[in-house]
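Undergrad: My questions all concern the structure below.
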Amino acid sequence: MEETALTVRVHDVSMDFGSGTKAVDSARFDLETGRFLTVLGPSGSGKTTLLHMIAGFLKPTAGEITINGQPVDALPPHRRSIGMVFQKLALFPHMTAAENVAFPLKMRRWNPKGIPARVSDFLDLVKLGDYRDRRIHELSGGQQQRVAIARALVFEPELLLLDEPLAALDRKLREEMQLEFRRIQKELGVTTINVTHDQREALVVSDEIIVMDGGKIQQKATPVALYQQPANDFVAGFVGVSTFLDGSATEGGVEIQGTRCAGTHMTDIAAGTPVRGGIRAEQIRLGRSAQAVADCDTRLTGHVSDMIFEGERLLYVLNCPALPGVDIQVYYHDPDAFDLFEIGSEVHFGWRARDLRIFRAAR
Amino acid sequence: MTDVTGPEGKRRYPLRWHVMDALEGAAGVLWPRRMAPFTGWLLLAPALLLVAVLVLGMVQIAESSLHTLDRSTFLPSEDYTLENYRTVADSATYLKVIWRSLYGSFLTVVFTLILAFPYSYILVRTNSAFTRKALLVALFLPFFIGQVVRAYGWLIILGNAGLVNDALELIGVERQRLLFSFPTVVFGLVQYMLPFAVLLLAPALTAIPREVETAAGSLGANWARVLWHVVLPMARPGLIGATLVVSTLSLTDFAMPAMLGGGSQDFIANAIYDQFFRTADQGLGSALALLLVAIGSLLVGAIFAAFGAGTLAMGGRE
Ligand SMILES: Nc1ncnc2c1ncn2[C@@H]1O[C@H](COP(=O)(O)OP(=O)(O)OP(=O)(O)O)[C@@H](O)[C@H]1O
Ligand SMILES: [Mg+2]
């Protein structure tokens, strides 16, 4: 049967809260068993709404969601096989960590004799074996996080849903937890949908990424494909493209107020069409002399207007008379030369044609 | 934003800032900074004074409970005696009254909580602003009417020629004697206590995130199990607070037993009233009053010991 390999099918699903625009607009995708999907999008793009519809907490105003061929809302929530980690965790404060993890097993009438051992296994899985008898408020944020994950996984759900569970953690802990997610998910092979607005997290943990904006799915791709071939300027902006050039298309590039820049058309675009080119800060070459940018397809000069020290690298903001009104952001990695270019000094910069991605302007 | 820069560039602050400065200056003179460690006690002083007066009154009551009433002179006896307490202990009537008060307040707590819980739950959880407002108005309307007027209302509704009996007759049931019975007193008390219980329960329920219930559902609990394993335990502080308030208020209630019980369903407070204002036996009345205080304190103490103070602890625990 074809259906066996398919866990989740979201079929032209829309959600209209009746406030003008749709919170989710004709979302359509399939997710295969065992895959880790991340829904990436800015605040208010409809991620939580989509997730809650998949969990069956919200009924779509149009379309259908099936899990293994069965509509999600065919069963009441407590009969579904979906583990969910909520944005605010929603742990039970009157229970210990172990009792929280045991809760779904008791509710789902597992054999009581097997419960303690299984709870221990899962607390070990999330490295909380020593904290089993702590109350929730006696645990740190990251530890509470892991209790929530163990609780959502322990009853072998077919589907695991994560609603920005890491958003509240500090960066280091968040990065640790991202890897831990990845490890646990691979270990158990559970199909997972994760929601986040952190592009790094999406790239690190996912097999596939869906980028959402304004309720619409902008692109569904693997992390590498998303990074290399963003479908439009919005997606590009979300995966780290920071300098945008608005102009009209030319053969092999874009013209901005008379300046021709070499670039790559991402789709078939006729000359003269309004377009938007985007380039990453790390793909712009920077130097004091023209030689430094000799092998670039586009070579320009400008002035340093700002410099931001980011620790492992410097971010220069350049202004260029040939590209009026554009802030050009350039990363500069040279551990010994933080003060190489002073603010106001003239610099040469440029890029290769393949690095400036050109998209159709109007979305 | 208030513009603090005047036309000539001079800073101009609003008048109330000057008033605050003046007040602060005055406070500095009356209560210098070095007195700051005692500020807490200063703020407590009025309350402490009130308690002190109460304690003085109690001492006086205790004193008068140790004198019996001399029936020939209608004056308290000279010598100290425990006679009044013996009278209470030996009297089947008083024991019955004490028992009735305890049992009545127990039943009131049970029924009030059973009714107040779903009421508060809907009040807190409803998405409809109209429902919430309607529930709040329905809750506070009887509050404004006052206990005596309300009891009087019940007299009219439950009387032999009242609304309820008219309705009973309409459906072919014989007229009942509803007034002046124990269940009616409890009924009146429950109706009186409901707003207090809801007011104590609602904050406790508000503190339970909706997501926690959704989570419990997604983890496999049906609504009954969500209620039993999650909502009730998490609402515990509110339940304890409501129990404490409702039990003490109904244990010591006067108006409901007096009016709906019609003298046949007296609680301790009614017996005390009779001693003070009917038989003018101050000694016996005082003994009963002290007994009531003792029983109430024991009850509260027992609930404290068993469950903690709930919402009344104001974050003292956890
Ligand atoms: N219950 C609701 N009633 C009306 N509008 C809603 C409701 N829930 C969400 N919305 C609207 O739907 C849109 C999508 O909301 P949603 O919560 O799905 O965003 P999100 O992508 O999860 O954002 P965030 O990253 O901030 O959590 C928003 O514009 C929001 O205002
Ligand atoms: Mg959200």
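Chains as they are written, first to last, in the numbering used here: chain G, 1 to 363; chain R, 1 to 318. Here a beta-carbon is modelled for each residue, glycine too, at the ideal position from N, C-alpha and C.
Determine the DSSP secondary structure at G/I256, reduced to helix, strand or coil.
TA: DSSP places G/I256 in strand when its eight states are reduced to three.
Undergrad: What did DSSP end up calling G/V224 once you bin it into helix, strand or coil?
TA: Of the three classes helix, strand and coil, the one that applies to G/V224 here is helix, per DSSP.
Undergrad: My output table needs one value for R/E174: the three-state DSSP class, helix, strand or coil.
TA: Note: R/E174 maps to coil in three-state DSSP.
Undergrad: Is there contact here, the stretch 34 to 50 of chain R with the stretch 252 to 265 of chain R, by at least three beta-carbon pairs under 8 Å?
TA: Touching, no, given that fewer than three Cβ pairs across the two stretches are closer than 8 Å.
Undergrad: What do you get for R/T112, buried or exposed, if any count of 16 or more other CB atoms within 10 angstroms of its CB means buried?
TA: With 16 or more Cβ atoms within 10 Å of its Cβ, R/T112 is classed as buried.
Undergrad: Hey, which residues come within less than 7 Å of ligand 2, measuring from Cβ to any heavy atom, in chain order?
TA: Every residue passing the under-7 Å Cβ criterion appears here: G/K47, G/T48, G/Q87, G/D163, G/E164 and G/V195.
Undergrad: In whole angstroms, give me the CA-to-CA distance for G/E2 and G/A221.
TA: With a pLDDT of 45 at G/E2, under the threshold of 50, the modelled position of that residue is not reliable, and the figure given next carries that caveat. Each residue's Cα considered, the two are about 22 Å apart.
Undergrad: Run through DSSP, which three-state label would R/E318 get?
TA: Because the pLDDT of R/E318 is 42, which lies under 50, any placement of that residue in the model is unreliable, and the number read from its coordinates should be weighed accordingly. Here R/E318 sits in coil by DSSP.
Undergrad: Just verifying my parser: in three-state terms, what is the DSSP assignment at G/F341?
TA: Of the three classes helix, strand and coil, the one that applies to G/F341 here is coil, per DSSP.
Undergrad: Per the contact definition of three or more C-beta pairs closer than 8 Å, is the stretch 272 to 283 of chain R in contact with the stretch 125 to 133 of chain G?
TA: With a cut-off of 8 Å, the stretch 272 to 283 of chain R and the stretch 125 to 133 of chain G do not count as touching, because too few Cβ pairs lie within range.
Undergrad: Thinking C-beta only, is G/V39 closer than 8 Å to G/M284?
TA: The sequence given here has Ile at residue 284 of chain G, not Met. Taking 8 Å as the Cβ cut-off, G/I284 and G/V39 do not qualify as a contacting pair.
Undergrad: Report the residue ranges of all beta strand (DSSP E) runs contained in full by the stretch 257 to 314 of chain R; include only those spanning at least 3 residues, in chain order.
TA: List check, beta strand (DSSP E) in window: nothing returned.
Undergrad: Taking only heavy atoms of ligand 1 into account, decide whether any of them is closer than 7 Å to the Cβ of G/G41.
TA: Yes, the Cβ of G/G41 comes within 7 Å of a heavy atom of ligand 1.
Undergrad: Given that R/N222 touches chain G, what residues does it touch there, using C-beta distances under 7 Å?
TA: Within chain G, the residues near R/N222 are H78.
Undergrad: In its own chain, which residues sit with a C-beta less than 7 Å from the C-beta of G/D213, not counting the 5 before and 5 after it?
TA: Excluding residues within five positions, the ones whose Cβ falls inside 7 Å are G41, P42, S45 and F234.
Undergrad: Under three-state DSSP, which class holds R/L227?
TA: In this structure, R/L227 counts as helix in the three-state DSSP scheme.
Undergrad: Could you check whether the stretch 50 to 57 of chain G touches the stretch 4 to 24 of chain G, counting it as contact only if at least three pairs of C-beta atoms, one from each stretch, sit closer than 8 Å?
TA: Touching, yes, given that three or more Cβ pairs across the two stretches are closer than 8 Å.
Undergrad: Does the separation of the CB atoms of R/T243 and R/I295 fall below 8 Å?
TA: Their beta carbons are not under 8 Å apart, which means R/T243 does not touch R/I295 by this criterion.
Undergrad: What does R/E211 touch in chain G if you count any residue whose Cβ is under 9 Å from its own?
TA: Per Cβ cutoff of 9 Å: F86, Q87, K88, L89 and A90.
Undergrad: Could you check how far apart the C-beta atoms of R/L299 and R/S247 are, in whole angstroms? I think they sit under 8 Å.
TA: About 6 Å separates the two Cβ atoms, so the contact holds.
Undergrad: On the premise that G/S81 lies in contact with G/P157, defined as a C-beta separation below 8 Å, what is that separation, rounded to the nearest angstrom?
TA: Confirmed, about 5 Å.
Undergrad: Report the start-end ranges of each alpha helix (DSSP H) in the stretch 11 to 43 of chain R that is 4 residues or longer and not cut off at the edges.
TA: Fully enclosed alpha helix (DSSP H) runs of 4 or longer: 15 to 30.
Undergrad: Which residues in the same chain as R/L288 place their Cβ atom closer than 8 Å to its Cβ, once the five residues preceding and following it in sequence are excluded?
TA: The answer, listed in chain order, is V88, Y94, I268, A271, I272 and Q275.
Undergrad: Name the chain C residues that come within less than 7 Å of G/A55, Cβ to Cβ?
TA: Included in the structure are the protein chains G and R, with no chain C among them.
Undergrad: Take R/S65 as the anchor and find which of R/T73, R/V53, R/S72 and R/E78 has the nearest alpha-carbon.
TA: Comparing Cα positions, the closest option is R/E78.
Undergrad: Roughly how many whole angstroms lie between the Cα atoms of R/L201 and R/Y119?
TA: Each residue's Cα considered, the two are about 9 Å apart.
Undergrad: G/L356 and G/G277: beta carbons closer than 8 Å?
TA: Going by C-beta atoms, G/L356 is nearer than 8 Å to G/G277.
Undergrad: Anything in chain R within Cβ reach of G/R118, meaning under 8 Å, just list it in chain order.
TA: Neighbours of G/R118 on chain R: none; closest Cβ ~14 Å, over 8 Å.
Undergrad: Should R/Y103 go down as buried or exposed, given a rule of 16 or more other Cβ atoms within 10 Å for buried?
TA: The residue in question, R/Y103, is exposed, as its Cβ has fewer than 16 Cβ neighbours within 10 Å.
Undergrad: Would you verify that the beta carbon of R/R12 is, or is not, closer than 8 Å to some beta carbon of chain G?
TA: Chain G, which has no Cβ nearer than 8 Å to the Cβ of R/R12, makes this no.
Undergrad: Using a Cβ cut-off of 7 Å, pull out every chain G residue sitting near R/R225, in sequence order please.
TA: The contacting residues are M107.
Undergrad: Just the C-alpha distance for G/F341 and G/L314, rounded to the nearest angstrom, thanks.
TA: So the two alpha carbons sit approximately 10 Å from each other.
Undergrad: Can G/S19 be considered in contact with ligand 1, in the sense that its beta carbon sits closer than 7 Å to one or more heavy atoms?
TA: Correct: G/S19 has its Cβ closer than 7 Å to ligand 1.
Undergrad: Any chance the CB of G/S14 is under 7 Å from a heavy atom of ligand 1?
TA: Incorrect: G/S14 has no Cβ contact closer than 7 Å to ligand 1.
Undergrad: By DSSP, does G/F29 sit in helix, in strand, or in coil?
TA: Three-state DSSP puts G/F29 in a strand.
Undergrad: Can you list the residues of chain G that R/V230 reaches, using a CB-CB cut of under 7 Å?
TA: Going along chain G in sequence order, the residues near R/V230 (Cβ under 7 Å) are F92.
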